Amino acid sequence: MASHSHSIMAWFVDMDNNDYFLVKHALSINLHPVENDTLPADQLSFEAEIPGPFRMASDLAQADASILAPLKLNGEHTQAIWTYLQAQNQKINTLLGYVLSQQDEPEFRKTTVQFSAGSVVIKKTDNWAIGDHARLKIFLPEESSAIYCYANVSKVDEIECVFTYTLIREQDRELLIRASLHVQSQQLKNRAKQRELNN
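Numbering (the numbering used here), first residue to last: 375 to 573.
Right, dumping it as structure tokens:
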């Protein structure tokens with residue numbers, strides 16, 4: 375099961391930005407316009423400027439996925455340990471959620487219409503044009519995490535504006551893949567419940 379999940383994740387990561395499946399979901403983001411000459415020179419420069427709370431959140435989310443899930447699959451012998459670790463993890467996530475909330479800048483706050491591991495879509499409210507650059511903070515409360523990255527406007531019309539990631543850590547892209555899969559799973563469960571109520 376774990377190897378199958380890993381192979382699915384690897385397949386997603388190999389895709390281009392435009393190939394990721396967009397999920398309809400409202401996420402709180404910060405969208406900060408930046409000039410072309412103030413962009414990080416390269417991936418190393420970009421990763422060096424990522425604020426500590428975002429780096430820590432992403433690293434902890436990756437640890438959760440690689441450590442806690444396999445422990446649970448090992449059966450009853452590790453059930454007590456897994457339960458304890460989950461409780462400790464919840465405490466850390468609560469504290470981390472507070473720390474990340476301090477990174478939110480209300481003056482740059484927007485809400486997504488859709489998101490994926492390749493881009494975010496928002497309602498068009500400002501004078502964005504194709505090629506404009508932005509620094510993005512994507513808050514993922516369901517994952518107890520947040521992502522810091524850069525994007526540019528790849529599509530804009532009278533209704534929506536699409537921002538495609540240009541600088542992002544691969545582990546953050548994987549986190550967005552997991553987040554989108556979790557949202558899709560929850561949406562399917564909600565639809566199934568609604569069908570049951572309607573019958």
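The beta carbon of each residue, even a glycine, is placed where N, CA and C say it ideally should be. None of the values given here were measured: they were computed from a predicted structure.
- According to DSSP, is Phe395 helix, strand or coil? Reduced to three states, the DSSP call for Phe395 is coil.
- Tell me where the beta strand (DSSP E) around Asn526 begins and ends. Per DSSP, Asn526 belongs to the beta strand (DSSP E) from Ser519 to Val530.
- 4-residue-minimum alpha helix (DSSP H) runs that sit fully inside the segment 401-426, ordered along the chain: Listed in chain order, they are 417-423.
- To the nearest angstrom, how far is it from the Cα of Glu517 to the Cα of Tyr472? Spanning the two alpha carbons is a distance of roughly 14 Å.
- Task: For Ile466, verify whether its CB is less than 7 Å away from any heavy atom of the ligand FAD.
- Result: You won't find the ligand FAD in this model; it holds no ligand whatsoever.
- Message: With a threshold of 8 Å on Cβ separation, who are the neighbours of Ser490 within its own chain once the five nearest residues in sequence on each side are excluded?
- Response: Tyr394, Phe395, Leu396, Val397, Leu550 and Ser554.
- Proximal residues to Lys567 (C-beta, below 7 Å), its chain only, five neighbours per side dropped: Within the same chain, no residue comes within 7 Å of Lys567 by CB-CB distance, once the 5 residues on both sides are set aside.
- Message: Taking DSSP's pairing of strands, which residues face Glu534 in a bridge?
- Response: In the DSSP assignment, Glu534 forms a beta bridge with Lys497.
- Query: Between which two residues does the beta strand (DSSP E) harbouring Ile512 extend?
  - Reply: Secondary structure note for Ile512: its beta strand (DSSP E) is the uninterrupted segment His507 to Leu514.
- Query: Given a threshold of 16 other Cβ atoms within 10 Å of its Cβ, counted over all protein chains shown, does Ala415 qualify as buried or as exposed?
  - Reply: By the neighbour-count criterion, in which 16 or more other beta carbons inside 10 Å mark a residue as buried, Ala415 falls on the exposed side.
- Query: Quick one: what's Phe489 bridged to in DSSP?
  - Reply: For Phe489, the pairing in a beta bridge is given by DSSP as Val397 and Val494.
- Just how far apart, CA to CA, sit Tyr333 and Arg509? Missing from the structure shown is residue 333; the chain here goes from 375 to 573 and no further.
- Query: Using CA coordinates, which residue listed in Val530, Phe537 and Lys484 is at the minimum distance from Ala400?
  - Reply: The residue with the shortest Cα to Cα distance from Ala400 is Lys484.
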